[in-house]
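Chains U and C supply the protein sequences, listed in that same order.
Each residue of the first sequence is one higher than the last, beginning at 175 in our numbering.
Each residue of the second sequence is one higher than the last, beginning at 175 in our numbering.
Worksheet: the structure to be examined is printed underneath.
Protein chains: 2
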Amino acid sequence: MAKTNHTKYAILGLLTTGCRTGYQMKQMMDTSLNHFWKISYGQIYPTLKQIVEEGLATVQDIPQDGKPDIKEYLLTEAGEKELRQWLSSPLENIPVAKNEVLLKLFFSRHQPKETTIEYLVHYQEILQARLHTYEGIEELIQIHSIEKADAQYWLFTLDYGKQITAAEIMWCKDTINKLS
Amino acid sequence: MAKTNHTKYAILGLLTTGCRTGYQMKQMMDTSLNHFWKISYGQIYPTLKQIVEEGLATVQDIPQDGKPDIKEYLLTEAGEKELRQWLSSPLENIPVAKNEVLLKLFFSRHQPKETTIEYLVHYQEILQARLHTYEGIEELIQIHSIEKADAQYWLFTLDYGKQITAAEIMWCKDTINKLS
DNA sequence: AAATTATATATCATAAAGATATATATCAAG
DNA sequence: CTTGATATATATCTTTATGATATATAATTT
Chain U
175 MAKTNHTKYA ILGLLTTGCR TGYQMKQMMD TSLNHFWKIS YGQIYPTLKQ IVEEGLATVQ
235 DIPQDGKPDI KEYLLTEAGE KELRQWLSSP LENIPVAKNE VLLKLFFSRH QPKETTIEYL
295 VHYQEILQAR LHTYEGIEEL IQIHSIEKAD AQYWLFTLDY GKQITAAEIM WCKDTINKLS
Chain C
175 MAKTNHTKYA ILGLLTTGCR TGYQMKQMMD TSLNHFWKIS YGQIYPTLKQ IVEEGLATVQ
235 DIPQDGKPDI KEYLLTEAGE KELRQWLSSP LENIPVAKNE VLLKLFFSRH QPKETTIEYL
295 VHYQEILQAR LHTYEGIEEL IQIHSIEKAD AQYWLFTLDY GKQITAAEIM WCKDTINKLS
C-alpha cells in the first residue's frame, strides 16, 4: 500500500468537525464515518505528529492529573488550504472493495450448496443489522447537528450506505433463491 | 493488517481453476476476480513459497530458454482440504469497504457545490464504465467455461458487481439532484 | 469491593499495495 | 527491418494500513 495516504486528509477533515484529540478522532471515525472508512491509532498518532511538523495543525499540551497529557490539535490556515486542495483534486484510481463473501462464493463449487446457502443467509443477517446501525447514525446526525453545515453531506454518505446495503440484501435473496 | 491472510486461500482457490504459475494467478485475478479482489506479486510469490512449505501444493521447475524458469504449482490433497475448511469457516468481521468518494463528500461543505457535483458526475461515469467491464467479464465467463462447474458461482459474483454498481449509479444521480 | 468500561497516548508485528528490477520473446508500427 | 511496446515470468522493496497490545487512571457498573 504505497502512495495513497488518505489518512492525512481524513485527519485534516476530522479537525474541522470539532475533534481535537487523537482519541476523539478515533471515536468520531468509529461512530459517524464507519460506514465508509476506518482508522487505527497506529495511523492517527504518527500522522498527527507529521501534520504538526508540516504546519497544518498546532498542538497544545494540556497536563492531566496522573493521566497522560491531552494533546489538543487545531487546524491552521495552511491545513485548511491543504484539505480544500485535496477535496478538489480529481479521483484517480478508485480501488476495488475487497469482499471476503464473494471470494468464498467464487470457489464455492468445492462445498455443498447447503453450506453456501447458510453463509449467504448469515451474510444477509449481518447486512440487515448494518442497515439498522445506519438508521441509528442517521438519528444521531439529525439530533446533534441540525445547525451544522456538515449535516447535509453526512446524510448523503449515510444514504449511500443505506441504498447499497439494501441492494446487497436483495442480491443475497436472489442468490439464495437461485441456489435453492 | 495483522491476522487475516486471505491471500493464502485466494491462491489455493486459484489453483483449482487451472492457474499453475504466479503470473497466471495475477492475470486471472485482474480479469475475472477484479470486481471484488486484488492481489500483488509482493503477496503471490512469498505466499506460494509458504504454501509449498506447508505441503498444500507442489512445485515443478520447468526450465525455459533464457527466460526465468516457470514454476508450475499443483494443489495437493492437503491443499484442497485446507481450502474447503476455509470455505466452510464462519464469516467473522466483514470490514468496511473504504470509499474515497464518500470521505471527500463527508467534508465537502468546505468547497463550492459545483465542485462536488462535478466529481459526483465523474464518479458516475467511472461506475458506468465499470458496469460495461462487468458485462465484458460476464461474456468471457460464459464463453470460456460453459462446461465448468465454477461458472454458476462466478456469475453470482458478477451479478453482485452489477447490482451494486447500478445502485451506486442511482445514488449518484439522487445526490447530484439534491445538490442542484 | 471488584470488574469493566471510558479516557488518552503510543508502539509493534504482520499484511497488503504498488512500484520497480530483471530478462527475454513476440508483435506492431514506422 | 529495426525500434518500441507489450506479453511472459519471477522476485524484492518501500510505504501504508491493520489489529493487537502496552501503559495509566478515572468513572461506572456489577
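Quick reminder that beta carbons are idealized off the backbone N, C-alpha and C, glycines included.
Which bits of chain U does residue i rub up against, with CB to CB less than 7 Å?
i	result
residue 258 (chain C)	284 and 285
residue 293 (chain C)	265
residue 190 (chain C)	281 and 284
Does DSSP put residue i in a helix, a strand or coil?
i	result
residue 243 (chain C)	coil
residue 339 (chain U)	helix
residue 235 (chain U)	strand
residue 276 (chain U)	helix
residue 332 (chain C)	helix
residue 294 (chain U)	helix
residue 249 (chain C)	strand
residue 226 (chain U)	helix
residue 267 (chain U)	coil
residue 218 (chain C)	helix
residue 351 (chain U)	helix
residue 211 (chain C)	coil
residue 192 (chain U)	coil
residue 306 (chain U)	helix
residue 284 (chain U)	helix
residue 205 (chain C)	helix
residue 322 (chain U)	coil
For chain U, find out if any of its Cβ atoms is closer than 7 Å to the Cβ of residue i; answer yes or no.
i	result
residue 337 (chain C)	yes
residue 310 (chain C)	no
residue 272 (chain C)	yes
residue 204 (chain C)	no
residue 248 (chain C)	no
residue 289 (chain C)	yes
residue 221 (chain C)	no
residue 230 (chain C)	no
residue 181 (chain C)	no
residue 331 (chain C)	yes
What residues of chain C sit near residue i, judged by a beta carbon separation below 9 Å?
i	result
residue 342 (chain U)	334, 337, 338 and 341
Output, in chain order, the set of chain U residues within a Cβ distance shorter than 9 Å of residue i.
i	result
residue 354 (chain C)	None at all; the shortest Cβ gap to chain U is about 13 Å.
residue 187 (chain C)	277, 278, 280, 281 and 284
residue 149 (chain C)	Because chain C spans 175 through 354 in this model, residue 149 (chain C) falls outside it and cannot be assessed.
residue 297 (chain C)	265 and 268
Using 10 angstroms around the beta-carbon of residue i, count the other beta-carbons present and answer buried if the total reaches 16, otherwise exposed.
i	result
residue 335 (chain U)	buried
residue 158 (chain U)	Lying outside 175 to 354, the shown extent of chain U, residue 158 (chain U) is not represented and no answer is given.
residue 317 (chain C)	exposed
residue 253 (chain C)	buried
residue 213 (chain U)	buried
residue 323 (chain C)	exposed
residue 215 (chain U)	exposed
residue 187 (chain U)	buried
Under 7 Å, Cβ to Cβ, is there at least one residue of chain C near residue i?
i	result
residue 268 (chain U)	yes
residue 349 (chain U)	yes
residue 327 (chain U)	yes
residue 300 (chain U)	yes
residue 323 (chain U)	yes
Mind listing the chain C neighbours of residue i? Cutoff is C-beta to C-beta under 8 Å, in chain order.
i	result
residue 236 (chain U)	Those within 8 Å of residue 236 (chain U) in chain C number zero; the least Cβ separation is about 26 Å.
residue 303 (chain U)	Result: empty, since nearest Cβ-Cβ is about 10 Å, beyond 8 Å.
residue 215 (chain U)	The contacting residues do not exist; residue 215 (chain U) stays about 14 Å from chain C at best.
residue 184 (chain U)	277
So with CB distances below 7 Å, who are the chain C contacts of residue i?
i	result
residue 245 (chain U)	The premise fails here: residue 245 (chain U) is roughly 22 Å from chain C at the closest Cβ pair, so nothing lies under 7 Å.
Taking Cβ-Cβ distances shorter than 8 Å, what residues in chain U pair up with residue i?
i	result
residue 212 (chain C)	269, 270 and 272
residue 315 (chain C)	The contacting residues do not exist; residue 315 (chain C) stays about 11 Å from chain U at best.
Would you call the region 247 to 265 of chain C in contact with the region 269 to 289 of chain U, where contact means no fewer than 3 C-beta pairs closer than 8 Å? They touch, by the three-pair rule.
Taking 8 Å as the threshold, find out whether the region 294 to 303 of chain C comes into contact with the region 290 to 310 of chain U through three or more Cβ pairs. Proximity of the region 294 to 303 of chain C to the region 290 to 310 of chain U falls short of the contact definition, fewer than three beta-carbon pairs being nearer than 8 Å.
Specify whether the region 206 to 221 of chain U and the region 284 to 291 of chain C touch according to this definition: at least 3 beta carbon pairs, one from each stretch, less than 8 Å apart. no
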